[in-house]
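In this note's numbering, the protein residues as written are 20 to 153.
So, in structure tokens, the structure goes:
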């Protein structure tokens, strides 16, 4: 009897950064993950409703208050892990991001290896994959 393969975990990357967003996506596709790339932060909830991801990564350059509101809106709708990539900002902003519902905040620049390791950890925690797969 043939073994049925489970689909690869889905990662939604929301990035209005023209260089880093596609690089993060390519990096994860090389790890055999399904990647959805959204360039407009305002479309995040609509995109999430169409294809439910196992992890959401935010790499966005918008005002801090707008970032926090986006995280709050997502958290009100979903329990999916949210990882925020942010330039070096104040500790207060990072604490507010956690309070708003972010599960992890990574200060950029981030090495590709560390980025991939964090993604794998959150996919395991979300139950999207077992540790044997990643």
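Glycine included, C-beta positions come from ideal geometry on N, C-alpha and C.
Can you give me the start and stop residues for the beta strand (DSSP E) that residue i sits inside?
i	result
residue 129	Unbroken run through residue 129: none, as it is neither H nor E.
residue 53	53-57
residue 81	Segment: none, residue 81 is in no beta strand (DSSP E) and carries neither H nor E.
residue 113	No beta strand (DSSP E) holds residue 113; the alpha helix (DSSP H) holding it covers 110-119.
residue 98	Here residue 98 belongs to no beta strand (DSSP E), and DSSP marks it neither H nor E.
Please list, in chain order, all residues of the same chain as residue i whose beta carbon is under 6 Å from its beta carbon, the five residues on each side excluded.
i	result
residue 21	With a pLDDT of 47 at residue 21, under the threshold of 50, the predicted position of this residue should be treated as unreliable, though the coordinate-derived value follows. Counting only Cβ-Cβ distances below 6 Å, and skipping sequence neighbours, we find nothing.
residue 103	77, 116, 121, 124
residue 53	27, 29
Within 10 angstroms of the Cβ of residue i, are there 16 or more other Cβ atoms? Answer buried if so, exposed if not.
i	result
residue 105	buried
residue 57	buried
residue 82	exposed
residue 28	buried
residue 47	buried
residue 99	buried
Rounded to whole angstroms, how far is the Cβ of residue i from the Cβ of residue j, which I believe are closer than 8 Å?
i	j	result
residue 33	residue 63	5 Å
residue 101	residue 90	6 Å
Skipping 5 residues on each side, what residues in its chain have a beta carbon closer than 7 Å to that of residue i?
i	result
residue 70	29, 55
residue 127	104, 105, 106
residue 79	33, 34, 35, 60, 86
residue 134	43, 46
residue 40	32, 34, 56, 58, 78
residue 131	46
residue 50	135
Would you kindly report the start and end of the unbroken alpha helix (DSSP H) that includes residue i?
i	result
residue 106	First-last for residue 106: 101-106, but that is the beta strand (DSSP E), not the alpha helix (DSSP H).
residue 46	39-48
residue 68	63-69
Counting pairs of Cβ atoms below 8 Å between the stretch 85-95 and the stretch 114-131, do you hit three or more?
-> yes
Validate contact between the stretch 60-79 and the stretch 123-143 using beta carbons, cut 8 Å, 3 pairs | yes
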